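All remarks here apply to the structure that follows.
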Amino acid sequence: MKILVTGAAGFIGFHTAQALLDRGDEVIGLDNLNGYYDVTLKEARLAQLTPRNGFHFVKADLEDRSAMEKLFAAAKPQRVVHLAAQAGVRFSLTNPHEYINANVVGFLHILEGCRHNGVEHLVYASSSSVYGANTAMPFNVHQNVDHPVSLYAATKKANELMAHTYSHLYRLPVTGLRFFTVYGPWGRPDMSMFLFTDKIIKGEPIDVFNHGHHARDFTFIDDIVQGVVRANDKVATPNPAWSGDRPDPATSAAPYRLYNIGNHSPVQLMDYIACIEKAVGKTAKKNMLPMQPGDVPATFADIEDLKVEIGFEPKTSIEEGVRQFVAWYRNYYGR
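Using our numbering, read the sequence shown as starting at 164 and increasing by one per residue.
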């Protein structure tokens, strides 16, 4: 297939593009290479993709309407895997406009491109952050998620609503994937796995928020990618049992689906840090701090729908995933 992958120089987009190329798909990779984090890391990922047969790179901003219209008209992708976004909960507290531009305006341009160019299926990244103030665990896609606690989460919830509208109005098949704390080789420098590993190796103290009383459903990148690829292959369909009397948020009378992709095994933050300490071979100096605004104490994915309908569930243990990340980090940075 010819597949447009947005955010192709990003962490998840890079790995997804690799997986699609590995099986023989043609990939148009879109990215704007912005400076939210180290651009050289994005360029290094891209350098792995550009020599590969079947890969074509386009540098453009999602919020550039003209550029997006030209891209869709010229490329005519059969399917779209939309992974580009302004990421990060904490950054959204100080840079709210970036999130509206990239995550809302940009997503509109993706939807319009799909609508006007006969795209067969749109798969897009949502986030576990949409569960917000929910406390019933594990988080289930059939739950109401109307109480986000960060603007980043609100933009992801907005994406789900926008996707449903286009699916309803134009019968565009759309599948949203709520990712749970993704980590692994080539990961983002602003995420805890990278920050902790970097500081522990350097002998610098790490910031441990909520005094360590966090739990996260850490999900290894290979598991995320396999879920994305399988979801892309299974085109969303209407749910014939859907009823407006008891509306199910995860499905619709339109071709619309939502899935969690998580390891369905929350890890306590202090246990997570211990895994990194073991892989690095050094004990962390810990700076214990209160919980930050916009954060949540725990995440835990119910993945029953993913298992039944997509036929997949993540398997990678936190110990194995951390080992692979630390090995990549040491090799890439020579530390």
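We treat Cβ as the ideally placed atom computed from N, Cα and C, and that holds for glycine.
Quick caveat: nothing in here was measured; it's all calculated off a predicted structure.
**Report entry** Segment limits, beta strand (DSSP E) that includes E476
**Finding:** Unbroken run through E476: none, as it is neither H nor E.
Q) Taking the Cβ atom as the reference point for each residue, do N195 and F270 lie within a distance shorter than 9 Å? A) no
Inset, instruction - Identify, in the order they occur along the chain, each residue of the same chain with its Cβ nearer than 8 Å to the Cβ of P460, setting aside the five sequence neighbours on each side. - result: N373, H376, H377, A378 and M454
Where are the beta strand (DSSP E) runs, 3 residues long or more, that stay fully inside the segment 345 to 418, in chain order? 369 to 371
| said: As a quick exercise: from D380, N280 and S291, pick the residue whose alpha carbon is nearest that of V243. | reply: Of the candidates D380, N280 and S291, the one whose C-alpha sits nearest the C-alpha of V243 is N280.
Determine which residues share a DSSP beta bridge with Q431 and list them.
Looking at the DSSP assignment, Q431 forms a beta bridge with A378.
Item checked: Bounding residues of the alpha helix (DSSP H) (the contiguous stretch that carries V202) -> Looking at the DSSP string, the run of the alpha helix (DSSP H) that includes V202 is V202 to L212.
* From the DSSP output, read off the bridge partner residues of H245. => In DSSP, H245 forms a bridge with T169 and Y287.
*asked:* Would G225 and L193 be called neighbours here (beta carbons separated by less than 9 Å)?
replied: The sequence as given places Leu at residue 225; Gly does not occur at that position. Yes, the pair counts as a contact, with Cβ atoms nearer than the cut-off.
Answer with buried or exposed for K320, where buried requires no fewer than 16 other C-beta atoms within 10 angstroms of its C-beta.
buried
- Task: Would you please state the rounded distance, in angstroms, between the beta carbons of D468 and A417? I believe it to be under 8 Å.
- Result: Contact doesn't hold; Cβ gap of about 17 Å is too wide.
Query - Own chain partners of Y435 with C-beta closer than 6 Å, once the 5 adjacent residues on each side are dropped - result: Nothing meets the Cβ criterion.
Margin query: Below 8 Å, how does it come out for the segment 201 to 220 and the segment 246 to 257: are there three or more Cβ pairs, yes or no?
Written below: no
### Task
Pull up the CB-CB distance for T462 and T344, whole angstroms please, since I reckon it's below 8 Å.
7 Å
Which stretch, first to last residue, makes up the beta strand (DSSP E) that contains M451?
Counting along the chain, the unbroken beta strand (DSSP E) around M451 starts and ends at K449 to M451.
Check: What is the DSSP secondary structure of E226, counted as helix, strand or coil?
Finding: coil
Nearest to Y329 (by Cα), restricted to the options V282, K445 and G173 = Of V282, K445 and G173, the residue nearest in Cα terms is V282.
Worksheet item: For H305, is the classification buried or exposed, using 16 other Cβ atoms within 10 angstroms of its Cβ as the cut-off for buried?
Response: exposed
Q. Taking the continuous alpha helix (DSSP H) assigned at R341, which residues delimit it?
A. Premise fails: R341 lies in the beta strand (DSSP E), V337 to F342, not in any alpha helix (DSSP H).
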